[in-house]
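Asker: Taking UniProt numbering, the leading residue of the sequence shown gets 1, the next gets one more, and so forth.
Before I ask anything, let me first share the structure, which is written out below as structure tokens.
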Amino acid sequence: MSTAQGGALSFLRKEHIVAEPGFNRWRVPPASIAIHLCIGSVYAWSVFNPPLTRELGVLASSAEDWSLSSVVWIFSVAIVFLGLAAAFAGKWLEEVGPRMVGVVAAFLWGGGFILGSFGISTHQLWLVYIGYGVLGGCGLGLGYVSPVSTLLRWFPDRRGMATGMAIMGFGGGAMIAAPVKGWLLGLYQKAPEFLGSADAVQTIVEGGRVFAETATGRLEVVVATATQAASFGGEAGVYVVGTGNTGAAQTFMTLGVVYFVVMILASFQYRVPAKDWKPAGWEPKPVASGMVSQNNVHIDQALKTPQFWQLWVMLCFNVTAGIGVIGVAKTMMSEIFGSVMPLVVTAAFASTYVLMISVFNMVGRFFWASTSDYIGRKATYMCFFVLGTLLYLSIPYFASAVATNPSLIYLIGFYAATMIIFSMYGGGFATIPAYLADMFGTMHVGGIHGRLLTAWSTAGVLGPLAITSLRQMSVTSAIEDLATRVDPAAFAAKFGAPLAQLDQLVAAKTVTIAKLMEIAPAGTIDPTPSLYNTTMYCMAALLVVAFVANLVMRPVREHHHHDEPELQVVAGE
Numbered sequence: 001m002s003t004a005q006g007g008a009l010s011f012l013r014k015e016h017i018v019a020e021p022g023f024n025r026w027r028v029p030p031a032s033i034a035i036h037l038c039i040g041s042v043y044a045w046s047v048f049n050p051p052l053t054r055e056l057g058v059l060a061s062s063a064e065d066w067s068l069s070s071v072v073w074i075f076s077v078a079i080v081f082l083g084l085a086a087a088f089a090g091k092w093l094e095e096v097g098p099r100m101v102g103v104v105a106a107f108l109w110g111g112g113f114i115l116g117s118f119g120i121s122t123h124q125l126w127l128v129y130i131g132y133g134v135l136g137g138c139g140l141g142l143g144y145v146s147p148v149s150t151l152l153r154w155f156p157d158r159r160g161m162a163t164g165m166a167i168m169g170f171g172g173g174a175m176i177a178a179p180v181k182g183w184l185l186g187l188y189q190k191a192p193e194f195l196g197s198a199d200a201v202q203t204i205v206e207g208g209r210v211f212a213e214t215a216t217g218r219l220e221v222v223v224a225t226a227t228q229a230a231s232f233g234g235e236a237g238v239y240v241v242g243t244g245n246t247g248a249a250q251t252f253m254t255l256g257v258v259y260f261v262v263m264i265l266a267s268f269q270y271r272v273p274a275k276d277w278k279p280a281g282w283e284p285k286p287v288a289s290g291m292v293s294q295n296n297v298h299i300d301q302a303l304k305t306p307q308f309w310q311l312w313v314m315l316c317f318n319v320t321a322g323i324g325v326i327g328v329a330k331t332m333m334s335e336i337f338g339s340v341m342p343l344v345v346t347a348a349f350a351s352t353y354v355l356m357i358s359v360f361n362m363v364g365r366f367f368w369a370s371t372s373d374y375i376g377r378k379a380t381y382m383c384f385f386v387l388g389t390l391l392y393l394s395i396p397y398f399a400s401a402v403a404t405n406p407s408l409i410y411l412i413g414f415y416a417a418t419m420i421i422f423s424m425y426g427g428g429f430a431t432i433p434a435y436l437a438d439m440f441g442t443m444h445v446g447g448i449h450g451r452l453l454t455a456w457s458t459a460g461v462l463g464p465l466a467i468t469s470l471r472q473m474s475v476t477s478a479i480e481d482l483a484t485r486v487d488p489a490a491f492a493a494k495f496g497a498p499l500a501q502l503d504q505l506v507a508a509k510t511v512t513i514a515k516l517m518e519i520a521p522a523g524t525i526d527p528t529p530s531l532y533n534t535t536m537y538c539m540a541a542l543l544v545v546a547f548v549a550n551l552v553m554r555p556v557r558e559h560h561h562h563d564e565p566e567l568q569v570v571a572g573e
């Protein structure tokens, strides 16, 4: 760093934020929770899926609208860059301290939203990827790791609780963001131009697109159902593409400004403990468990141990199993139960479901991490993998059962199973830093944690890829099966094109499972609830592999240890 930079930014560096004697360590957790509440809103990404997939059609997707699979990948890119930024910034964090890192995170996360807003308003998907995915993802990574090693040093007596506090806000971010995003979208949205009811407006289909002949010429339109139009206060009928607004661009802009301000204020509350500081009256005690090391391992040496890669596999597969579901949570709830229980699983119900995911994600982080202080990290992860496998296997049962017998008990079972899964998903994130500190000591735990988060990046690709590709295979198979059952004449009357044009109509989003079910023979079982069954079986298999990795975990061998005593590092730099 140059002299000019050092002078201008020196107040952000860790040597200038050392806590004075008598500083209350409980002032640090609120700052980390505030930053994590901001960046944790990434877990409410699924709230943006519906408006972004109908940004032009507004009430329903038009041919030029972005597909669900392309939008879901924005979330994936953000998670990939979260892990990469955390891995590369690990050593930098130890050098400059949490305040500098927190300030940079604020610029990246807030700025990413603002750039994403321009991408949405100009319908340039790549700008949303660069803004929210790349820049925002880097902000996620820096904001995520900034408090972890700091709180481990402030709370050497309760490592699990400390990391639970540090990361609790990240899981709870969507609890605030989901309703706020929904409110902002409603505030900024505008219904498109209404031409009339479907019976009153003459429409034609060309290349899978729907057009209406008007006095001013031919216009591309979408035909909205009563349910689709109701959320905008309209009625079923024909609407002109490109004349309305989902409110997504304005929502991105508003959130970008708010998150930036909150994160900057929180970053300036960070303090680091003075050298040789320790909690009043606390002395390190010999630990009965051989899984808690009293030695340190250097950050570069840690990557040479099998324990690091076992933990990497455990985190990666645990996250892969949960992250794909979180990314499409609202869509999955609507698809599995919305078609068979429409009076119960309304849009409001699905939004509340996203909110409860965040609640259990957040509570699970503090509960499981604190529990690990008493039962040990290895036993805690055993609970995650054994119980998680059983719960993932239960989801296809509930989905298949509700398709033939729309009973509320299956919805309750699905709801409970997924909530427990998400509590353990969050618990895995919150417990892993303490597990790392147990295995490698606290000398470089922040940097080691950052490098381990590349497992999160990998999971950010694997999870959504698995759930979208497997779901799309199921959708394609279901549509082809239903097409063989419907009457060709009824199909032509419904969609304005012959059955031979099925592929074109599906590509243009004119033909869907729901619309085919409207003309399917009586007694045809809706395949929608079973679209995610194969995915759940794959997720359960991943947890079995993670279980084995944890089962064979052993303490780090002595030749990997660093010479420096742990207490000196826990107490200060």
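C-beta atoms are modelled at their ideal positions from N, C-alpha and C, and glycine is treated no differently.
This structure is a prediction, so every number in the text was calculated from the model and none was measured.
#1: I need the DSSP call for His561, collapsed to helix, strand or coil.
#2: Rounded C-beta distance between Ile35 and Gly102? I'm assuming under 8 Å.
#3: Is the beta carbon of Ile33 sitting closer than 7 Å to the one on Gly169?
#4: Excluding the five sequence neighbours on either side, which residues of its own chain have a C-beta within less than 7 Å of the C-beta of Gly446, listed in chain order?
#5: Between the beta-carbon of Leu355 and the beta-carbon of Ala541, is there less than 7 Å?
#6: Once the 5 residues before and after Pro488 are set aside, which same chain residues still bring their CB inside 8 Å of it?
#7: For Ala350, I'd like the list of residues in its chain whose CB is within less than 6 Å of its CB, leaving aside the five on either flank, ordered along the chain.
#8: Just verifying my parser: in three-state terms, what is the DSSP assignment at Glu220?
#9: Buried or exposed for Ala226, going by 16 or more other Cβ atoms inside 10 Å?
#10: Could you give the DSSP three-state label for Ala212: helix, strand or coil?
#11: Under three-state DSSP, which class holds Gly207?
#12: Following the continuous alpha helix (DSSP H) through Val506, name the residue where it begins and the one where it ends.
#13: How would you label Gly281, buried or exposed, when you count the other beta carbons within 10 angstroms and need 16 or more for buried?
#14: For Thr431, tell me which candidate among Ala248, Ile375, Ile176, Trp126 has the shortest Cα-Cα distance.
#15: Round the Cβ separation of Ile39 and Trp109 to the nearest angstrom and send it over; I've been treating them as touching at under 8 Å.
#16: Looking at Thr389 and the ligand NAP, is the gap between the Cβ and the nearest heavy atom below 6 Å?
#17: Enumerate in chain order the residues of its own chain whose CB-to-CB distance from Ala369 is below 7 Å, with the five nearest sequence positions on each side excluded.
#18: Among Ser41, Ser477, Leu411, Val325, whose alpha-carbon lies nearest the alpha-carbon of Ile467?
#19: Tell me which residue opens and which closes the beta strand (DSSP E) that Gly196 is part of.
#20: Beta-carbon within less than 6 Å of Ala63's beta-carbon, same chain only, minus the 5 sequence neighbours each way: which residues are those?
#21: Kindly indicate the opening and closing residues of the beta strand (DSSP E) around Val258.
#22: Looking only at C-alpha atoms, which of Ala105, Gly22, Val241 sits nearest to Gly57?
#23: For Met517, which residues from the same chain have a beta carbon less than 6 Å from its beta carbon, with the 5 sequence-adjacent residues on both sides left out?
#24: What's the gap between the Cα of Phe260 and the Cα of Trp183?
#25: Which of the three DSSP states is assigned to Val340 in this structure?
#26: Look at the alpha carbon of Leu185 and the alpha carbon of Gly247, and state the distance between them as a whole number of angstroms.
#27: From which residue to which residue does the alpha helix (DSSP H) around Val238 run?
#28: Leaving out five residues on either side along the sequence, give the residues of the same chain with a beta carbon under 7 Å from the beta carbon of Ala87.
#29: Determine the closest residue to Arg485 out of Ile519, Ala249, Trp456, with distance taken between C-alpha atoms.
#30: Helix, strand or coil, according to DSSP, for Lys515 in the structure here?
#31: So what does DSSP say about Lys181, is it helix, strand or coil?
#32: I'd like to confirm the pairing. Which residues does DSSP put opposite Lys190 in its beta bridges?
#33: Checking 7 Å against the spacing of the C-beta atoms, do Ser358 and Gly172 come in under that value?
#34: Is it right to say Asn550 is buried, meaning 16 or more other beta carbons lie within 10 angstroms of its own, or is it exposed?
#35: What does the Cβ neighbour count give for Arg99, buried or exposed, with the cut at 16 atoms within 10 Å?
#36: In whole angstroms, give me the CA-to-CA distance for Ala113 and Ala31.
Answerer: Concretely, from the data shown:
#1: For the purposes of this step, residue 561 is taken as the residue at position 561 of the sequence shown. In this structure, His561 counts as strand in the three-state DSSP scheme.
#2: To locate residue 35, count along the sequence shown from 1; it is residue 35. To locate residue 102, count along the sequence shown from 1; it is residue 102. That belief holds up - the Cβ atoms of Ile35 and Gly102 are roughly 6 Å apart, short of 8 Å.
#3: Reading the sequence shown from its first residue, position 33 is the one you call residue 33. Reading the sequence shown from its first residue, position 169 is the one you call residue 169. Contact: yes.
#4: For the purposes of this step, residue 446 is identified with residue 446 of the sequence shown, where counting begins at 1. Within the same chain, Gly446 has close Cβ partners Gly90, Leu93, Glu94, Val145, Val148, Ser149.
#5: Here residue 355 corresponds to residue number 355 of the sequence shown, with the count starting at 1. Here residue 541 corresponds to residue number 541 of the sequence shown, with the count starting at 1. Against a cut-off of 7 Å, the Cβ pair of Ala541 and Leu355 comes out as no contact.
#6: As a position in the sequence shown, residue 488 is number 488, starting the count at 1. Cβ within range, chain order: Pro498, Leu499.
#7: Mapped onto the sequence shown, residue 350 falls at position 350. Cβ within range, chain order: Lys330, Met333, Ser334.
#8: On the sequence shown, residue 220 is found 220 positions in, with the first residue counted as 1. Strand at Glu220.
#9: As a working mapping, residue 226 is identified with position 226 in the sequence shown. Result: exposed.
#10: As a working mapping, residue 212 is identified with position 212 in the sequence shown. Of the three classes helix, strand and coil, the one that applies to Ala212 here is strand, per DSSP.
#11: Taking the sequence shown and counting its residues from 1, the one referred to as residue 207 is at position 207. Here Gly207 carries a coil assignment [DSSP, helix/strand/coil].
#12: Indexing the sequence shown from 1 puts residue 506 at position 506. Segment 502-507, the alpha helix (DSSP H) holding Val506.
#13: Counting from one through the sequence shown, the residue named residue 281 turns up at place 281. Its Cβ having fewer than 16 others within 10 Å, Gly281 is exposed.
#14: Stepping through the sequence shown from its first residue, residue 431 is reached at position 431. The shortest C-alpha separation from Thr431 is found at Ile375.
#15: For the purposes of this step, residue 39 is identified with residue 39 of the sequence shown, where counting begins at 1. For the purposes of this step, residue 109 is identified with residue 109 of the sequence shown, where counting begins at 1. With a Cβ gap of about 6 Å, Ile39 and Trp109 count as contacting.
#16: This structure lacks the ligand NAP, and indeed carries no ligand of any kind.
#17: For the purposes of this step, residue 369 is identified with residue 369 of the sequence shown, where counting begins at 1. Counting only Cβ-Cβ distances below 7 Å, and skipping sequence neighbours, we find Gly160, Met161, Thr163, Gly164, Gly427, Ala430, Thr431, Ala434.
#18: Position 467 of the sequence shown, counted from the start, is the residue given in the question as residue 467. Closest by alpha carbon: Val325.
#19: The residue you call residue 196 lines up with position 196 of the sequence shown. Element bounds for Gly196: 194-196.
#20: Counted from its first residue, the sequence shown places residue 63 at position 63. Around Ala63: Arg209, Ala508.
#21: Position 258 of the sequence shown, counted from the first residue, corresponds to residue 258. Going by DSSP, Val258 is part of no beta strand (DSSP E) but of the alpha helix (DSSP H) stretching over 248-267.
#22: The residue you call residue 57 lines up with position 57 of the sequence shown. Nearest of Ala105, Gly22, Val241 to Gly57, Cα basis: Val241.
#23: Along the sequence shown, one-based indexing puts residue 517 at 517. Cβ within range, chain order: Asp526.
#24: Translated into the one-based positions of the sequence shown, residue 260 becomes position 260. Translated into the one-based positions of the sequence shown, residue 183 becomes position 183. Using only the alpha carbons, I get a separation of about 20 Å.
#25: Here residue 340 refers to the residue found at position 340 of the sequence shown. Val340: coil per DSSP, three-state reduction.
#26: Within the sequence shown, residue 185 is the residue found at index 185, counting from 1. Within the sequence shown, residue 247 is the residue found at index 247, counting from 1. Answer to the nearest angstrom: the Cα atoms are 5 Å apart.
#27: On the sequence shown, residue 238 is found 238 positions in, with the first residue counted as 1. Premise fails: Val238 lies in the beta strand (DSSP E), 237-240, not in any alpha helix (DSSP H).
#28: Here residue 87 is taken as the residue at index 87 of the sequence shown, counted from 1. Taken in chain order, the residues that qualify are Gly450, Arg451, Leu453, Thr454.
#29: Counting from 1 along the sequence shown, the entry for residue 485 is found at position 485. Comparing Cα-Cα distances from Arg485 to each of Ile519, Ala249, Trp456, the minimum goes to Ile519.
#30: The count along the sequence shown starts at 1 and reaches residue 515 at position 515. Helix.
#31: Within the sequence shown, residue 181 is the residue found at index 181, counting from 1. The answer is helix: DSSP assigns Lys181 an H, G or I state.
#32: On the sequence shown, position 190 is the one that residue 190 refers to. DSSP output for Lys190 lists Asn245 as bridge partner(s).
#33: Residue mapping note: residue 358 aligns to position 358 of the sequence shown, counting from 1. Residue mapping note: residue 172 aligns to position 172 of the sequence shown, counting from 1. Their beta carbons are under 7 Å apart, which means Ser358 touches Gly172 by this criterion.
#34: Taking the sequence shown and counting its residues from 1, the one referred to as residue 550 is at position 550. Under the 10 Å beta carbon count, Asn550 is surrounded by 16 or more other beta carbons and is classified as buried.
#35: For the purposes of this step, residue 99 is taken as the residue at position 99 of the sequence shown. Classification for Arg99: buried.
#36: Here residue 113 corresponds to residue number 113 of the sequence shown, with the count starting at 1. Here residue 31 corresponds to residue number 31 of the sequence shown, with the count starting at 1. Looking at the sequence itself, residue 113 is Phe, so the reference to Ala does not match. When rounded, the distance between both Cα atoms is 21 Å.
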